[in-house]
Amino acid sequence: MNQEIAHIALVVKDYDEAIQFYTQKLHFTLIEDTQLSETKRWVLVKPTGNGHCCLLLAKAANELQESRVGNQTGGRVFLFLYTDDFYRDYQNLIDHKISIVREPTVEEYGTVAE
Numbered sequence: 002m003n004q005e006i007a008h009i010a011l012v013v014k015d016y017d018e019a020i021q022f023y024t025q026k027l028h029f030t031l032i033e034d035t036q037l038s039e040t041k042r043w044v045l046v047k048p049t050g051n052g053h054c055c056l057l058l059a060k061a062a063n064e065l066q067e068s069r070v071g072n073q074t075g076g077r078v079f080l081f082l083y084t085d086d087f088y089r090d091y092q093n094l095i096d097h098k099i100s101i102v103r104e105p106t107v108e109e110y111g112t113v114a115e
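Below, the structure written as structure tokens:
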């Protein structure tokens, strides 16, 4: 059996704000932005590189979903991103004023920051 994850849904407050964050600050690529209805779009972004998995940016449609924006994993790390230059990308986060709550540390599985 050959399987891989295609998309991971991420609930966001606003499509355009989320697209700007991922493409301008994290340098992800906008793969698709298709209007499905007056209120719903199919928006896929992915990091540069050869992976196939995309984030599906899904606009919160009710109060319960809105309450999860920014805390969809209950305080756990949401995304582990491989990079060819950790400190370049870490500096990019700082340059874009993205909050870092834990300075870089070297773990058995790689260098990480939160």
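Just so it is clear: in the sequence shown, position 110 is 111 by the working numbering, and no numbers are missing. Beta carbons: idealized from backbone N, C-alpha and C, even for Gly. The model shown is predicted, which means the values in this text are computed figures rather than measured ones.
{"Item": "Buried or exposed: which applies to ALA19, given that a residue is buried once 16 or more other Cβ atoms fall within 10 Å of its Cβ?", "Value": "buried"}
{"Item": "State the Cα-Cα distance for the pair VAL13 and SER100, rounded to the nearest angstrom.", "Value": "18 Å"}
{"Item": "Does the count of Cβ pairs from the stretch 64-71 and the stretch 23-36 closer than 8 Å reach three?", "Value": "no"}
{"Item": "Would LEU37 be called buried (16 or more neighbouring beta carbons within 10 Å of its own) or exposed?", "Value": "exposed"}
{"Item": "Which runs of the alpha helix (DSSP H) at least 4 residues long sit entirely within the stretch 2-38? Give them in chain order.", "Value": "16-21"}
{"Item": "Relative to the C-alpha of ASP39, which candidate in GLU109, TYR16 and ALA10 has its C-alpha closest?", "Value": "The amino acid occupying residue 39 in the given sequence is Glu; Asp does not appear at that position. Checked all of GLU109, TYR16 and ALA10; the closest Cα to GLU39 is TYR16."}
{"Item": "Taking only three categories from DSSP, how would you classify ARG77?", "Value": "coil"}
{"Item": "Using a Cβ-Cβ cut-off of 6 Å (strictly less than) and excluding sequence neighbours within five positions of HIS97, which residues of its own chain qualify?", "Value": "LYS26"}
{"Item": "Could you give the uninterrupted runs of the beta strand (DSSP E) lying entirely in the stretch 65-115, keeping only those of 3 residues or more?", "Value": "106-108 and 111-113"}
{"Item": "What residue range is occupied by the uninterrupted beta strand (DSSP E) comprising LYS47?", "Value": "42-47"}
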